[in-house]
Ligand code: F6R
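Numbering (the working numbering), first residue to last: 1 to 272.
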C-alpha cells in the first residue's frame, strides 16, 4: 500500500469516546492507522520485550492489514515478539472453512508476516458445545497470563456492535462486565454477513464466540476503524450519544481517554 501523500487527518475531534481522526477516504485512514499501530508495536516490543494485541476481522481492516504486511515486507515491522488475540469467531464453524475468522486472519495477516503460530490466537468455532464455556474461560486466562491486551483494534457494526457484543437491553454496568462467551448473532449482523455465505442469511452461523465488552475495555489502548456511510449513524451515537448497551460501541465513552478513532468522511457524515 502506498503511503498517502496527505499524512494528516482532514479533521480532528475530541469526543467523550476519545480522539477522532477523520480522513478523506478509507485507504488513507487505513494507512495512517497501520503506521500508528506499527509504531505502538515497535515501542512496546523494544521497551517491554513483547506486545499483546487484540484484532478484528471483517471488511473494514483489510487495507489496514495490507499496511501492516507492507511494513513487515519493507523490514520496518516484526511480529516476532507480538501475541495476538482475535475478537471473535462464528459458531459453529470449522477453522478450515474459508469463511471462518481463523481462515480470514491466515489470509490477510498471519501467513504474510513472522508471527509464531502459537502466538496467533483465534477462538475455535469447532469446540464441542459442552466445552464452549471452558474454551472461553481459557481464552480470558491466556490473555491474562500474557499480561492483558496492550492494544485492541476494533471495527464497529452497523448496529453499533463491537466484537460480536450485540445491542442488548441489559444495564451498561452489566454489559461492561461481560467476558468472552457464546452469543447469538443479531439479524442485522447476519444480514450483513450473508454476502460472505453465498448471499443467504440462513447460511450464516447463528452464533458466535466473542470477547466481552469487559475484555475489550480492559485493553490499555484502543484503536477503532470505521468507514463508509452505513456506519455514520452508529458512529455518531457511539461518540456522543447516551452510554447504553443498546449501542455497545457507546460504552467506549467509559474509557474515552484510551481510545483513538480512525474514520473516513462518509462515516463521519453525522458528526457535528
Ligand atoms: C469482527 C468484529 C465485528 C466487525 C464489525 C464490522 O471481528 O469484531 O465487530 O468489526 O461487524 O464489520 P465490517 O468491517 O465487515 O463492516
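Note that the Cβ used here is the ideal one computed from N, Cα and C, for glycine as well.
It should be emphasised that the depicted structure is a prediction, and the values quoted were computed from it without experimental measurement.
What are the residues that DSSP puts in a beta bridge with residue 121? Answer is 85.
My understanding is that residue 217 touches residue 251, with C-beta atoms under 8 Å, so please give their C-beta distance in whole angstroms. With a Cβ gap of about 7 Å, residue 217 and residue 251 count as contacting.
Just to confirm before moving on: does the CB-CB distance between residue 115 and residue 224 stay below 8 Å? Not closer than 8 Å, so no.
Contained alpha helix (DSSP H) runs [length at least 4] in the region 38-97, N- to C-terminal order: When DSSP assignments are scanned along the region 38-97, the uninterrupted stretches of alpha helix (DSSP H) that are 4 or more residues long and fall wholly within it turn out to be 62-73.
Nearest-angstrom Cα separation, counted from residue 131 out to residue 266: So the two alpha carbons sit approximately 42 Å from each other.
May I ask whether a heavy atom of the ligand F6R can be found less than 7 Å away from the beta carbon of residue 161? Result yes, Cβ under 7 Å from the ligand F6R.
Could you spell out the range, first to last residue, of the alpha helix (DSSP H) harbouring residue 239? Boundaries of the alpha helix (DSSP H) harbouring residue 239: 232-240, taken from the DSSP string.
Helix, strand or coil at residue 152 according to DSSP, with G and I counted as helix: If DSSP states are grouped into helix, strand and coil, residue 152 belongs with the strands.
So, are the CB atoms of residue 88 and residue 209 less than 8 Å apart? Judged by their CB atoms, residue 88 and residue 209 are nearer to each other than the 8 Å cut-off.
Have a look at residue 34 and residue 153 and give me their C-alpha separation to the nearest angstrom. Computed Cα separation, rounded: 10 Å.
Quick test of the definition: if touching needs 3 or more C-beta pairs under 8 Å, does the region 134-150 touch the region 50-59? As far as the Cβ criterion goes, the region 134-150 touches the region 50-59, which means the pair count is three or higher.
Check whether residue 205 and residue 91 have beta carbons under 8 Å apart: Note that the C-beta distance between residue 205 and residue 91 is below 8 Å.
In terms of alpha-carbon separation, which member of 247, 240, 174 lies closest to residue 17? Distances from the CA of residue 17 to each of 247, 240, 174 were compared; the closest alpha carbon is that of 240.
Does the beta-carbon of residue 16, which I'm using as the reference point, lie nearer than 7 Å to any heavy atom of the ligand F6R? Incorrect: residue 16 has no Cβ contact closer than 7 Å to the ligand F6R.
Pull the bridge partners of residue 14 from the DSSP assignment, please. Beta-bridge pairing links residue 14 to 19.
Buried/exposed call for residue 163, threshold 16 Cβ in 10 Å: Result: buried.
Is there at least one non-hydrogen atom of the ligand F6R closer than 7 Å to the beta-carbon of residue 91? No, the beta carbon of residue 91 sits no closer than 7 Å to any heavy atom of the ligand F6R.
CB of residue 140 within 8 Å of CB of residue 215, strictly: Yes, they are a contact pair.
How many whole angstroms separate the CB atoms of residue 109 and residue 69, which I take to be in contact at a CB cut-off of 8 Å? Taking C-beta atoms under 8 Å as the contact rule, residue 109 and residue 69 qualify, at a distance of about 7 Å.
Just the C-alpha distance for residue 253 and residue 202, rounded to the nearest angstrom, thanks. For residue 253 and residue 202, the distance between alpha carbons rounds to 34 Å.
Looking at residue 127: is its Cβ nearer than 8 Å to the Cβ of residue 135? Yes, they are a contact pair.
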